[in-house]
Each structure stands twice: as C-alpha cells, then as structure tokens.
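Colleague: In this note's numbering, the protein residues as written are 6 to 79.
(1) Figure out for me which residue from 17, 11 and 63 has the closest Cα to the Cα of residue 74.
(2) Who does residue 26 pair with in a DSSP beta bridge?
(3) What does a CB cutoff of less than 6 Å around residue 66 pick up in its chain, not counting 5 residues either side in sequence?
(4) Can you find the residues in the same chain that come closer than 6 Å, C-beta to C-beta, to residue 40, ignoring five residues on each side of it along the sequence?
(5) Between which two residues does the beta strand (DSSP E) containing residue 54 stretch?
Next up, the structure:
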C-alpha cells in the first residue's frame, strides 16, 4: 500500500492561528499547530503539521475545507 503524504504549503497557509480550519475539519484530528522555539510572535513562523500521517484515510476533508488551497494529499 502506498504511504500517504500530506503536504502543507506554508506560504499559502500564512498565519494558521487565524484559520485553524484543517484542525477543526479533520475527523481523526491528525493536524497540529505549533510555534518554533524562537519568534513565537511572528505569525509566519507558526506551522501546521500532521502528527500521524499513517492514520490518514485520504478523505480529503482538509483539502476541500482549506480556504487557501494550502493542503495536498498524495
């Protein structure tokens, strides 16, 4: 079985603290949002990532819901 890869375009995503749609949409709650250890106040430094890619069912809810088209599942 092909391993799922979820790509998040951080440039398109921008400041994930203002959106959080992927965090709220994923039925398995696979997405996490975190700041780097430095520059916690810089909005471009916050990131969305996937904690458990292996659990992704490829439902595409996150892809469809993302208002900035920043998520791709391959």
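We put the beta carbon where it would ideally sit given N, CA and C, even for glycine.
Modeller: Here's the rundown:
(1) Counted from its first residue, the chain shown places residue 74 at position 69. For the residues 17, 11 and 63, the minimum Cα distance to residue 74 belongs to 17.
(2) Indexing the chain shown from 1 puts residue 26 at position 21. Residue 26 is not bridged to any residue.
(3) Your numbering for residue 66 matches position 61 in the chain shown. For residue 66, where only same-chain residues beyond five positions count, the Cβ hits under 6 Å are 30.
(4) Position 35 of the chain shown, counting from 1, holds the residue named residue 40. The residues are 51.
(5) Counting from 1 along the chain shown, the entry for residue 54 is found at position 49. 52-55 is the extent of the beta strand (DSSP E) around residue 54.
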